[in-house]
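This is the structure in structure tokens:
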């Protein structure tokens, strides 16, 4: 396990280089000490290749090719070692240009508060200059173990707006070399006989000012067996022991990488905060998926809103690294309620509603998550719950499910003035039936800020406030 510190810059870019490095070694003995020596020599050879003139970095979706160790040779000729990293963006072909066959247009990046990502691919030049010599073949008969795998190199370094390409590539070569050292440690530590566990680099975004950290785990070893390593990392980075930061579920998702499951993440981030004089905003912490009617080929229009709110909450616990379970289906939710004796067996497969109490029960049954229930006898009282909700988002930071009558919603935050009591609620509405269109969802208010009149003033409401487990 390893930590490599890097600080995402709001004004610069993150350079991320990925690519496989072939790991091949022959073990003529099963003696542990001799095997370790051979494996260490192989890693040392790979580190030498990364630092050699044959190392090549290509900027993805562009004609840019860089030889970082060959006097910093780069093509096209218009690019020099002193060219700024951010200027690489103009050479990157956009998806739209590829789709419509535009060859002359250059991609223009939008300026925002999130550091842009420039992806590079790690390659090794095979062709050598000079005359080719005839190959020589030799044959030796002996018993040995031949280990062959591809090391999944994945390094990220942050740059400032003044960093040149040469400076950034020097950082990348150092980071690649260091990652190979850490892969060697993990490989030797978790080696079983002649079987190698592939080292797996993951990136984690820690609270400021620590920034982006890369950790190498042994692939295939579950999080439950890595608690000692995580505890060491918490101590190293002076992190609290009651929240997970280094579980695989916490791995940083780079902004230019699409999520494979198709769900929208954190649609509220594009919204502007409501105007409340001297008010403060208290929001959900971390990442969640937006679950709503008609997803997953499931027609739950008119009855599944609380199920969808529960799914959003479950996605939060998964994506914060608290649990490894997948987000439950409607049927799995219903079966969990039957298993604890809350419902009859006929409930499974039905279209019956559930409420806040059932959400509390399912979270405990499936995820081991406890929840507090807030009872509100009529909607008009919700306006006086600013302090309780603000405190929840400060201390727990989880999405809140609220049910009243036949409707359920998810509360993602509040804007609240402690003196006047003025309040607005950030609502994620599970009743949406359309496609995953962020603009439609935010423009039409399916995810948006609502005033106290959003609630039925005379209906009762129950709020389910999930609590964070105290784990590393």
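Residue numbers (the UniProt record's numbering): 1 to 472. Every residue gets a Cβ at the ideal spot worked out from N, C-alpha and C, and that includes glycine. For clarity, every value in this text was computed on a predicted model and none was experimentally measured.
Problem - Cα-Cα separation between residue 334 and residue 235, rounded to whole angstroms - result: Roughly 41 angstroms between the two C-alpha positions.
Practice task
Take every Cβ of the region 237-254, pair it with every Cβ of the region 376-392, and state whether three or more of those distances are shorter than 8 angstroms.
Solution key: no
Handout entry: beta strand (DSSP E) segment containing residue 154, residue limits
Key = Residue 154 -> beta strand (DSSP E) spans 145-158.
Handout entry: Range covered by the alpha helix (DSSP H) that runs through residue 39
Key = 32-50
Problem - Beta bridge counterpart(s) of residue 211 as assigned by DSSP - result: 206
Exercise for the section: Take residue 478 and list the residues in its own chain whose beta-carbon comes closer than 8 angstroms to its own, dropping the five residues that flank it on each side. Expected result: Residue 478 cannot be examined here, being either before or after the span of the chain that is shown, 1 to 472.
Practice task
Note down, one range per segment and in chain order, each alpha helix (DSSP H) of at least 4 residues found wholly within the region 374-418.
Solution key: 386-395
Practice task
Work out the CA separation of residue 42 and residue 439 for me, nearest whole Å.
Solution key: 51 angstroms
Problem - Cβ pair residue 15, residue 172 closer than 8 angstroms - result: yes
Practice task
Buried or exposed for residue 184, please, with buried defined as at least 16 other CB atoms from any protein chain shown within 10 angstroms of its CB.
Solution key: Note on residue 184: 16 or more other CB atoms within 10 angstroms of its CB, so buried under the neighbour-count rule.
Exercise for the section: Taking residue 359 as part of the alpha helix (DSSP H), name the residues at either end of that continuous run. Expected result: Unbroken alpha helix (DSSP H) run through residue 359: 356-362.
Problem - When 142, 66, 163 and 420 are compared against residue 28, the one with the closest alpha-carbon - result: 142
Problem - N- and C-terminal bounds of the beta strand (DSSP E) containing residue 370 - result: That residue, residue 370, is in no beta strand (DSSP E); it is neither H nor E in DSSP.
Problem - Rounded separation between residue 136 and residue 25 - CA only - result: It is roughly 20 angstroms from the alpha-carbon of residue 136 to the alpha-carbon of residue 25.
Handout entry: Expected contact under 8 angstroms - CB spacing of residue 382 and residue 455 to nearest Å
Key = 5 angstroms
Exercise for the section: For residue 206, verify whether its CB is less than 7 angstroms away from any heavy atom of the ligand GTP. Expected result: With respect to small molecules bound, the structure shown includes none, and the ligand GTP cannot be examined in it.
Problem - For residue 23, three-class secondary structure by DSSP - result: strand
Practice task
Can you say whether residue 119 is buried or exposed, counting buried as having 16 or more other CB atoms within 10 angstroms of its CB?
Solution key: buried
Handout entry: Three-state class that DSSP yields for residue 448 in the structure shown
Key = strand
Practice task
Compare the Cα-Cα distances from residue 203 to each of 79, 232, 245 and 194 and report the closest residue.
Solution key: 245
Exercise for the section: Report buried or exposed for residue 373, applying the criterion of at least 16 other Cβ atoms within 10 angstroms of its Cβ. Expected result: exposed
Practice task
Assess, as a yes-or-no matter, whether the region 163-181 is touched by the region 63-73 under the definition of 3 or more beta carbon pairs within less than 8 angstroms.
Solution key: yes
Exercise for the section: Classify residue 289 as helix, strand or coil using the three-state DSSP reduction. Expected result: strand
Handout entry: Three-state secondary structure assigned by DSSP to residue 123
Key = strand
Practice task
Assign residue 140 to one of two classes, buried (16 or more other C-beta atoms within 10 Å of its C-beta) or exposed (fewer than that).
Solution key: exposed
Problem - Range of the contiguous beta strand (DSSP E) that encloses residue 55 - result: Here the beta strand (DSSP E) through residue 55 covers 55-59.
Handout entry: Pick from 121, 59, 431 and 74 that is closest to residue 93, judged by C-alpha positions
Key = 59
Handout entry: Paired residues, beta bridge with residue 66 - DSSP
Key = 57 and 74
Exercise for the section: Would you kindly work out how many angstroms separate the C-alpha atoms of residue 177 and residue 47, rounded to a whole number? Expected result: 5 angstroms
Handout entry: For residue 14, the three-state DSSP class (helix, strand or coil)
Key = strand
Problem - Boundaries of the alpha helix (DSSP H) in which residue 281 is found, first to last residue - result: No alpha helix (DSSP H) holds residue 281; the beta strand (DSSP E) holding it covers 280-283.
Handout entry: Separation of residue 298 from residue 346, as counted between CA atoms
Key = 19 angstroms
Exercise for the section: Would you decide whether residue 435 is buried or exposed? Buried here means 16 or more other CB atoms lie within 10 Å of its CB. Expected result: exposed
Handout entry: Span of the beta strand (DSSP E) around residue 461
Key = 461-466
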